[in-house]
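A.B. asks: Let me begin by handing over the structure; questions about it come next.
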Amino acid sequence: MSTNVVLFLTIGIVLFGIVLFSYFLGRKKQGIENWYVGGRSLPLYVQIGTQFATVMGGAVIVGLVGTAYSSGWSTLTYGLLTMIGFIPFLFMAKWLRNSEFETMPDIIKTIYGNHPVLSVLTILSTLIVPFGWMITQLVGFGKIFSTITGVDASLMVTIFAVISLAFVLPAGMTSVAWTDFIFGCAMAVGAIVAFFMAMDMGGGFQTIMTNTPNEISDFPSGLVGVGMGTVLFWVFGVMPGNLTNQQLYQRIFSADNSRNATISIGVTALLFALATFWSSTIGLTVRSLNPSLDNPENATGWFLTQTPSWFLIMFAVFIVATIMSTLSSAVQSVVVTITKDIYTNYVNPKVEEKKLVSVSRIVSVVVLALAVSLANFYPQALSWIVASFAYSVSALLVPILGGFILRDKNVLDHRAGIASIVMGIAGSGIAHFLGSDLYVLYGLIASMVGLIASYIVLSVANTSTKVKEN
Numbered sequence: 009m010s011t012n013v014v015l016f017l018t019i020g021i022v023l024f025g026i027v028l029f030s031y032f033l034g035r036k037k038q039g040i041e042n043w044y045v046g047g048r049s050l051p052l053y054v055q056i057g058t059q060f061a062t063v064m065g066g067a068v069i070v071g072l073v074g075t076a077y078s079s080g081w082s083t084l085t086y087g088l089l090t091m092i093g094f095i096p097f098l099f100m101a102k103w104l105r106n107s108e109f110e111t112m113p114d115i116i117k118t119i120y121g122n123h124p125v126l127s128v129l130t131i132l133s134t135l136i137v138p139f140g141w142m143i144t145q146l147v148g149f150g151k152i153f154s155t156i157t158g159v160d161a162s163l164m165v166t167i168f169a170v171i172s173l174a175f176v177l178p179a180g181m182t183s184v185a186w187t188d189f190i191f192g193c194a195m196a197v198g199a200i201v202a203f204f205m206a207m208d209m210g211g212g213f214q215t216i217m218t219n220t221p222n223e224i225s226d227f228p229s230g231l232v233g234v235g236m237g238t239v240l241f242w243v244f245g246v247m248p249g250n251l252t253n254q255q256l257y258q259r260i261f262s263a264d265n266s267r268n269a270t271i272s273i274g275v276t277a278l279l280f281a282l283a284t285f286w287s288s289t290i291g292l293t294v295r296s297l298n299p300s301l302d303n304p305e306n307a308t309g310w311f312l313t314q315t316p317s318w319f320l321i322m323f324a325v326f327i328v329a330t331i332m333s334t335l336s337s338a339v340q341s342v343v344v345t346i347t348k349d350i351y352t353n354y355v356n357p358k359v360e361e362k363k364l365v366s367v368s369r370i371v372s373v374v375v376l377a378l379a380v381s382l383a384n385f386y387p388q389a390l391s392w393i394v395a396s397f398a399y400s401v402s403a404l405l406v407p408i409l410g411g412f413i414l415r416d417k418n419v420l421d422h423r424a425g426i427a428s429i430v431m432g433i434a435g436s437g438i439a440h441f442l443g444s445d446l447y448v449l450y451g452l453i454a455s456m457v458g459l460i461a462s463y464i465v466l467s468v469a470n471t472s473t474k475v476k477e478n
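Given below as structure tokens:
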């Protein structure tokens with residue numbers, strides 16, 4: 009029996025078992041609250057599993073391995089910056105969990121008030137990251153499996169997308185979170201075995217470092233092997249990126265209590281940093297063994313073609329677990345925003361719960377079909393993540409963090425939120441159009457100017473009003 013046949017049979021059996029689990033869980037955990045926020049009852053171990061599974065995915069096992077192949081320890085820099093970016097969550101988690109939010113637009117509405125223009129801007133900005141992540145997972149899966157099986161990447165992307173629906177449709181967040189936990193356990197096992205396999209193939213850590221260019225493998229100079237311009241972009245675009253990633257907010261909302269929500273964030277940050285160390289070692293190993301790959305993002309696929317059949321099959325299950333969990337999470341996040349913040353609020357406010365669940369399932373199919381089209385049109389895994397983070401950060405970082413800090417001042421209203429979001433997007437877009445590599449920085453500065461200027465104007469106006477009243 010050929011390796012491909014055994015590979016697909018193994019993956020099919022594993023996925024079928026988890027799909028059954030997801031189906032029976034969906035029958036038990038019905039209702040829109042389970043679809044949106046997991047019934048707000050996810051235990052700590054499931055929170056950690058689903059948080060970690062969400063931030064992993066195609067970017068880590070394809071994009072960042074490719075970055076390590078071409079730029080060495082820079083991948084670890086990416087991970088450390090991302091870990092630092094989780095810190096504000098540690099201070100916000102209690103408020104976020106106890107405020108009964110369901111989506112990021114709920115946060116903006118609570119801070120700045122309800123206004124249709126602000127709502128539209130927030131919804132569009134919220135959709136950027138999870139939709140970008142959807143495409144990234146599809147691209148990552150297609151690249152790896154086309155390399156190791158010879159099957160056309162576009163076909164693999166389509167098949168994978170159809171399968172992922174089985175993890176979203178039964179119960180939304182509840183089914184996604186629990187299957188994420190299972191996938192997360194598979195990820196941990198697969199990553200550990202892969203690490204030791206890579207070390208053995210490369211002849212040991214010292215040999216691998218000797219066989220790779222000094223400018224990317226030396227430590228600590230290799231941490232900026234990708235170039236200071238890109239590192240600075242990561243500082244302003246990637247480091248705060250998860251603070252505008254609704255998928256992580258939803259997991260905080262879904263926690264069984266605020267204490268566990270905070271703990272899960274801290275653990276996830278550490279695990280992600282470890283995951284990027286793994287990406288670094290795999291990428292550098294492939295570089296030492298084959299320094300002439302045409303596309304660095306093919307490094308993971310090439311690595312697998314050099315391993316024994318048993319390992320390729322086992323690692324393929326790990327890849328499926330990693331990418332499937334992130335994809336299903338991103339689909340669920342996009343669908344919640346569309347159905348709750350657009351359909352329920354503006355199209356059909358009186359919709360019955362049962363119909364809303366049905367609408368959510370239909371929307372899942374539609375958005376995934378669009379993501380498949382874009383993944384096949386522009387198959388660059390890390391580029392989608394970086395771009396989605398950059399524009400989301402430009403639009404939402406300042407309104408969320410600034411609003412959180414100033415939320416008790418009773419000054420901010422929809423005008424401040426609109427000004428901050430519009431100026432952030434405009435600043436980033438104009439700088440990007442003009443060719444700046446740090447366009448996200450200009451977006452953040454513009455967004456901050458918009459919020460601060462609005463705060464000052466509104467404070468003065470409130471003071472004047474109080475003086476007149478007295």
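Count the sequence shown with the numbering used here and you get residues 9 to 478, in order.
Where a beta carbon is used, it is the ideal one built from N, C-alpha and C, also for glycine.
Mind checking which residues open and close the alpha helix (DSSP H) that includes Asp208?
C.D. replies: For the purposes of this step, residue 208 is identified with residue 200 of the sequence shown, where counting begins at 1. Counting along the chain, the alpha helix (DSSP H) containing Asp208 begins and ends at 181-209.
A.B. asks: Between which residues of its own chain and Ser396 is the CB-CB distance below 6 Å, once the five residues before and five after are set aside?
C.D. replies: Position 388 of the sequence shown, counting from 1, holds the residue named residue 396. Correct list, in chain order: Ile136, Val137, Gly140.
A.B. asks: Taking the alpha-carbon positions, what's the Ile408 to Ile115 distance?
C.D. replies: Residue 408 sits at position 400 when you count from the first residue of the sequence shown. Residue 115 sits at position 107 when you count from the first residue of the sequence shown. For Ile408 and Ile115, the distance between alpha carbons rounds to 8 Å.
A.B. asks: Alpha carbon to alpha carbon, what distance is there between Leu414 and Val275?
C.D. replies: On the sequence shown, residue 275 is found 267 positions in, with the first residue counted as 1. On the sequence shown, residue 414 is found 406 positions in, with the first residue counted as 1. Between Val275 and Leu414, the C-alpha separation is close to 28 Å.
A.B. asks: Is the stretch 303-316 in contact with the stretch 88-98, if contact means three or more CB pairs nearer than 8 Å?
C.D. replies: With a cut-off of 8 Å, the stretch 88-98 and the stretch 303-316 do not count as touching, because too few Cβ pairs lie within range.
A.B. asks: Report the three-state DSSP secondary structure of Thr471 (helix, strand or coil).
C.D. replies: Residue numbering aside, residue 471 sits at position 463 when the sequence shown is read from its first letter. Look at Thr471 here: in three-state DSSP terms it is helix.
A.B. asks: Pair every Cβ in the stretch 231-251 with every Cβ in the stretch 51-58, then say whether three or more of these pairs are closer than 8 Å.
C.D. replies: no
A.B. asks: Do Ser262 and Ala324 have their beta-carbon atoms positioned less than 8 Å apart in this structure?
C.D. replies: Along the sequence shown, one-based indexing puts residue 324 at 316. Along the sequence shown, one-based indexing puts residue 262 at 254. Not in contact: Ala324 and Ser262 (Cβ atoms no closer than 8 Å).
A.B. asks: What first and last residue would you give for the alpha helix (DSSP H) that runs through Ala263?
C.D. replies: The residue given as residue 263 occupies position 255 in the sequence shown. Note, Ala263: premise wrong, no alpha helix (DSSP H); not H, not E.
A.B. asks: Less than 6 Å between C-beta atoms, sequence neighbours within five positions excluded: which residues of the same chain meet that for Val328?
C.D. replies: As a first step, residue 328 is located in the sequence shown; it is residue number 320 there, counting from the start. Counting only Cβ-Cβ distances below 6 Å, and skipping sequence neighbours, we find Ile19.
A.B. asks: With a cut-off of 8 Å on the beta carbons, I'd call Leu479 and Ala169 a contact; round off their distance for me.
C.D. replies: Outside the displayed span of the chain (9 to 478) sits residue 479, for which this structure offers no information.
A.B. asks: Evaluate contact between the stretch 156-163 and the stretch 423-443, counting only Cβ atoms and requiring at least three cross-stretch pairs below 8 Å.
C.D. replies: no
A.B. asks: In angstroms, rounded to a whole number, what distance separates the CA positions of Ile3 and Gly249?
C.D. replies: The structure shown does not extend to residue 3, since the chain is modelled only from 9 through 478, so no value can be given for it.
A.B. asks: Please report how far the alpha carbon of Ala398 lies from the alpha carbon of Ser455, in whole angstroms.
C.D. replies: In the sequence shown, residue 398 corresponds to position 390, counting from 1. In the sequence shown, residue 455 corresponds to position 447, counting from 1. Distance between the alpha carbons of Ala398 and Ser455 is about 13 Å.
A.B. asks: Taking just the CA atoms, how far does Val63 sit from Phe227?
C.D. replies: Residue mapping note: residue 227 aligns to position 219 of the sequence shown, counting from 1. Residue mapping note: residue 63 aligns to position 55 of the sequence shown, counting from 1. So the alpha carbons of these two residues sit roughly 26 Å apart.
A.B. asks: List the endpoints of the continuous alpha helix (DSSP H) containing Ile224.
C.D. replies: Here residue 224 is taken as the residue at index 216 of the sequence shown, counted from 1. Segment 222-225, the alpha helix (DSSP H) holding Ile224.
A.B. asks: Inspect the beta-carbon positions of Leu466 and Val406 and report whether they are closer than 8 Å.
C.D. replies: Residue numbering aside, residue 466 sits at position 458 when the sequence shown is read from its first letter. Residue numbering aside, residue 406 sits at position 398 when the sequence shown is read from its first letter. It is not a contact, given that the beta carbons lie outside the stated cut-off.
A.B. asks: Go ahead and label Ile21 buried or exposed: buried means 16 or more other beta carbons lie within 10 angstroms of its beta carbon, across all protein chains shown.
C.D. replies: The sequence position of residue 21 within the sequence shown is 13, counting from 1. Looking at its Cβ environment, which holds fewer than 16 other Cβ atoms inside 10 Å, Ile21 is exposed.
A.B. asks: Suppose only complete runs of 4+ residues qualify. What are the alpha helix (DSSP H) ranges in the stretch 60-112, listed by chain order?
C.D. replies: 72-79, 82-93, 95-106
A.B. asks: Rounding to the nearest angstrom, what Cα-Cα distance links Thr182 and Ser372 in this structure?
C.D. replies: Numbered from its first residue, the sequence shown carries residue 182 at position 174. Numbered from its first residue, the sequence shown carries residue 372 at position 364. Near 15 Å, if we compare the C-alpha coordinates of Ser372 and Thr182.
A.B. asks: From what residue to what residue does the alpha helix (DSSP H) around Leu230 run?
C.D. replies: The sequence position of residue 230 within the sequence shown is 222, counting from 1. Sequence check: residue 230 is Gly here, not Leu. No alpha helix (DSSP H) contains Gly230, which DSSP labels as neither H nor E.
A.B. asks: Ordered along the chain, which non-local residues of its own chain (more than five positions away) have a Cβ less than 7 Å from that of Leu446?
C.D. replies: Looking up residue 446 in the sequence shown gives position 438. Once the five neighbours on either side are set aside, the close Cβ partners of Leu446 are Leu240, Phe241, Phe244.
A.B. asks: With distance defined between alpha-carbon atoms, name the residue in Ser444, Pro96, Ile460, Val448 nearest to Asp421.
C.D. replies: Indexing the sequence shown from 1 puts residue 421 at position 413. Checking every option, the nearest Cα to that of Asp421 belongs to Ile460.
A.B. asks: Helix, strand or coil for Leu496? Go by DSSP, reduced to three states.
C.D. replies: With the chain running from 9 to 478 in the structure shown, residue 496 is simply not present.
A.B. asks: If we count Cβ pairs, one from each stretch, closer than 8 Å, do we get three or more for the stretch 312-323 versus the stretch 117-124?
C.D. replies: The stretch 312-323 and the stretch 117-124 do not touch, with fewer than 3 CB-CB distances between them shorter than 8 Å.
A.B. asks: From Leu15, Ser154, Gly230, Thr334, pick the residue whose C-alpha is nearest to that of Leu173; which is it?
C.D. replies: As a first step, residue 173 is located in the sequence shown; it is residue number 165 there, counting from the start. Among Leu15, Ser154, Gly230, Thr334, the Cα nearest to that of Leu173 is on Thr334.
A.B. asks: Roughly how far, in whole angstroms, is the beta-carbon of Ala76 from the beta-carbon of Ser296, given that I think they are within contact range, below 8 Å?
C.D. replies: Against the sequence shown, residue 76 aligns to sequence position 68. Against the sequence shown, residue 296 aligns to sequence position 288. Ala76 to Ser296, Cβ: 11 Å. No contact.
A.B. asks: Taking 8 Å as the threshold (C-beta atoms), are Ala338 and Gln255 in contact?
C.D. replies: What you label residue 255 is simply residue 247 of the sequence shown in a count that begins at 1. What you label residue 338 is simply residue 330 of the sequence shown in a count that begins at 1. A contact, by the Cβ cut-off of 8 Å.
A.B. asks: Taking only the alpha-carbon atoms, compute the straight-line gap between Met217 and Gly80 and give it to the nearest angstrom.
C.D. replies: Locating residue 217 in the sequence shown gives position 209, counting from the first residue. Locating residue 80 in the sequence shown gives position 72, counting from the first residue. Straight-line Cα distance between these residues: approximately 10 Å.
A.B. asks: Straight-line CA distance for Phe153 to Gly309?
C.D. replies: What you label residue 153 is simply residue 145 of the sequence shown in a count that begins at 1. What you label residue 309 is simply residue 301 of the sequence shown in a count that begins at 1. Taking the straight line joining both Cα atoms gives about 7 Å.
A.B. asks: Quick check on the burial criterion: 16 or more other C-beta atoms within 10 angstroms. Buried or exposed for Pro316?
C.D. replies: In the sequence shown, residue 316 corresponds to position 308, counting from 1. It is exposed - the Cβ of Pro316 has fewer than 16 other Cβ atoms within 10 Å.
A.B. asks: Is it right to say Phe213 is buried, meaning 16 or more other beta carbons lie within 10 angstroms of its own, or is it exposed?
C.D. replies: Locating residue 213 in the sequence shown gives position 205, counting from the first residue. Looking at its Cβ environment, which holds fewer than 16 other Cβ atoms inside 10 Å, Phe213 is exposed.
A.B. asks: Alpha carbon to alpha carbon, what distance is there between Thr215 and Met209?
C.D. replies: Counting from 1 along the sequence shown, the entry for residue 209 is found at position 201. Counting from 1 along the sequence shown, the entry for residue 215 is found at position 207. Looking at the two C-alpha atoms, the distance is approximately 10 Å.
A.B. asks: What residue does the alpha helix (DSSP H) around Glu305 start on, and which one ends it?
C.D. replies: The residue you call residue 305 lines up with position 297 of the sequence shown. Looking at the DSSP string, Glu305 is not in any alpha helix (DSSP H), and its letter there is neither H nor E.
A.B. asks: Please return the same chain residues whose Cβ sits closer than 7 Å to the Cβ of Leu98, not counting the five positions on each side in sequence.
C.D. replies: Counted from its first residue, the sequence shown places residue 98 at position 90. Once the five neighbours on either side are set aside, the close Cβ partners of Leu98 are Thr270, Ile273, Gly274.
A.B. asks: Can you list, in chain order, the residues of its chain with a C-beta nearer than 7 Å to that of Thr155? Leave out the 5 residues immediately preceding and following it.
C.D. replies: In the sequence shown, the residue the question calls residue 155 occupies position 147. Answer for Thr155: Asn306, Gly309, Trp310, Thr313, listed in chain order.
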